[in-house]
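Structure record follows, encoded as structure tokens.
Protein chains: 2
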Amino acid sequence: MKYGIAVFPSKQLQDIANSYRKRYDTKYSKVPPHLTLKDPFEAEEEELKDIIKEVRNVAKQASPFTLEVYKYSSFYPATNTIYMKVRETSGLLELNEKLNSGLLERETEHPFVPHITIGQEMDYDELSDVHGRLKLESINHEETVDRFSFLYQLENGTWTVYETLLLGNGGQ
Amino acid sequence: MKYGIAVFPSKQLQDIANSYRKRYDTKYSKVPPHLTLKDPFEAEEEELKDIIKEVRNVAKQASPFTLEVYKYSSFYPATNTIYMKVRETSGLLELNEKLNSGLLERETEHPFVPHITIGQEMDYDELSDVHGRLKLESINHEETVDRFSFLYQLENGTWTVYETLLLGNGGQ
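For the protein sequence lines, the chains are V and R, in the order given.
Just so you know, the working numbering puts 167 at position 167 of the first sequence, and the rest follows in order with no gaps.
Just so you know, the working numbering puts 273 at position 101 of the second sequence, and the rest follows in order with no gaps.
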């Protein structure tokens with residue numbers, strides 16, 4: 001089974017992201033707008049109990065942090081993706097690191113670049129056009145993140161939330 | 173903002189539901205297969221804190237229960253919907269009742285009939301055909317439910333999980 005870990009930002013930010021995703025993101029209908037904390041990984045269902053226990057520990061030891069979107073950017077030419085760039089704060093980097101160590105360690109294909117995808121698998125012309133326009137737009141959005149989600153993938157490629165994890169001991 | 177409460181069943185059951193939903197459910201891409209525990213309701217964001225506190229209390233006082241799908245059925249002629257019928261066990265009925273009382277009380281348009289929708293807004297001919305076939309199929313699926321999800325709706329009509337609630341005190 002395939003699992004993943006992500007932050008779903010506020011409705012406000014998700015609605016902004018979706019206004020682009022609707023046209024430019026081939027995975028628009030597979031999952032709501034999100035910031036990936038841990039790339040999708042395979043695990044047996046029997047491993048789930050230990051994995052989720054570890055993920056809960058990481059969440060408890062972490063603290064809420066500020067998510068700051070400060071510009072639009074692109075992964076081109078690596079991939080034809082456009083995204084909202086998220087500030088690499090220590091809280092976010094630590095969380096990513098902890099979710100990728102110990103029992104949760106997996107080989108990653110690329111370094112962690114916190115982002116919220118708004119377009120992917122775009123034609124070069126469209127990517128170039130949209131990115132050109134968005135580079136000129138200013139976005140400066142801050143919000144507090146106090147939770148993240150552990151998800152699994154269904155056969156049709158969509159993602160279901162298995163559990164939300166609150167950061168720190170607040171709330172529960 | 174619009175909120176709702178639902179159970180997302182196992183991947184296995186969701187995959188079965190999606191094999192029908194893909195063709196017959198106009199809301200296929202809006203939300204994963206689910207059993208609605210509380211119909212969508214409007215609330216101000218300022219109310220969220222109190223509401224989620226109450227929902228957490230309900231979850232803590234509840235216990236995991238067995239979800240049993242035992243046949244396919246239809247809401248026709250009320251609506252052109254086909255669904256997996258879920259056994260009305262006391263655990264499920266109590267949970268629904270508690271999620272609709274006190275601070276969480278809202279007027280409901282119809283009595284609680286636990287179900288997992290697999291087709292909706294269908295043409296009469298298709299509904300009749302598919303329902304006719306499914307009535308003859310046997311389905312007998314049981315699984316333990318130990319959590320439910322509190323969701324909010326985005327502007328595009330899709331749903332994001334705000335928080336998963338574990339039933340009883342187990343797990344956390």
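In this text, a Cβ means the ideal position worked out from N, Cα and C, and glycines have one as well.
Closest Cα partner of residue i within the set the options
i	options	result
R/K194	V/G168, V/G157, V/Y70	V/G157
V/Y3	V/N169, V/Y162, V/M122	V/Y162
V/Y83	V/E107, V/Q14, V/R147, V/S63	V/Q14
R/T213	R/M294, R/V302, R/L275	For clarity, residue 213 of chain R is Phe in the given sequence; the question names Thr instead. With distances taken between Cα atoms, R/F213 lies closest to R/L275.
V/T164	V/Y70, V/V69, V/L127, V/R56	V/R56
R/K257	R/L220, R/E269, R/I311	R/I311
R/S246	R/R305, R/E315, R/M173, R/L326	R/R305
V/K27	V/M122, V/T108, V/N169	V/M122
V/V31	V/P9, V/E45, V/E97	V/P9
R/S318	R/S273, R/G263, R/R278	Correcting the residue type first, residue 318 of chain R is Asp in the shown sequence and not Ser. Cα-wise, what sits closest to R/D318 is R/G263.
V/E105	V/I51, V/Y20, V/F150, V/S19	V/I51
R/L220	R/P249, R/S191, R/M173, R/S201	R/M173
Test item: CB-CB of residue i and residue j under 9 Å
i	j	result
R/Y296	R/N252	yes
V/D25	V/Q120	yes
V/E88	V/V113	yes
V/K53	R/T332	no
R/K307	R/K243	yes
V/V130	V/L67	no
R/A215	R/I290	no
R/P205	R/T316	no
R/L271	R/I177	yes
V/E142	V/V69	yes
V/S101	R/S201	no
Bridge partners - residue i, DSSP secondary structure assignment
i	result
V/M122	Note: V/M122 sits in no beta bridge, so no partner.
R/M256	R/Y244, R/I288
V/Y7	In the sequence as displayed, the identity of residue 7 of chain V is Val instead of Tyr. Answer is V/L35.
R/S321	R/A178, R/T336
V/D129	V/D129 pairs with nothing; no bridge assigned.
V/D25	V/Q120
R/H313	R/V241
R/E214	R/K174
Contact list for residue i against chain V, beta-carbon separation under 7 Å
i	result
R/F213	Under the 7 Å cutoff, chain V gives no residues; its nearest Cβ is about 16 Å from R/F213.
R/P236	The premise fails here: R/P236 is roughly 14 Å from chain V at the closest Cβ pair, so nothing lies under 7 Å.
Chain-ordered chain V contacts of residue i [CB-CB under 8 Å]
i	result
R/D187	L154, E155, N156
R/S246	By Cβ distance, chain V contributes nothing, its closest Cβ being about 23 Å from R/S246, past 8 Å.
Integer Cβ distance of residue i from residue j, believed to fall under 8 Å
i	j	result
V/H110	V/L35	Actually they do not touch by this definition, with Cβ atoms about 15 Å apart.
V/A62	V/L127	Not quite, the Cβ-Cβ distance comes to about 34 Å (not below 8 Å), so this is no contact.
V/L37	V/L95	6 Å
Chain-ordered chain R contacts of residue i [CB-CB under 9 Å]
i	result
V/K22	N328
V/F8	T332, V333, Y334
V/M1	K183
Residues that residue i contacts on chain R, provided the C-beta gap is smaller than 7 Å
i	result
V/S149	V333
Amino acids of chain V, ordered along the chain, whose beta-carbon sits closer than 9 Å to that of residue i
i	result
R/N190	L154, E155, N156, T158
R/S201	Y28, S29, K30, T158
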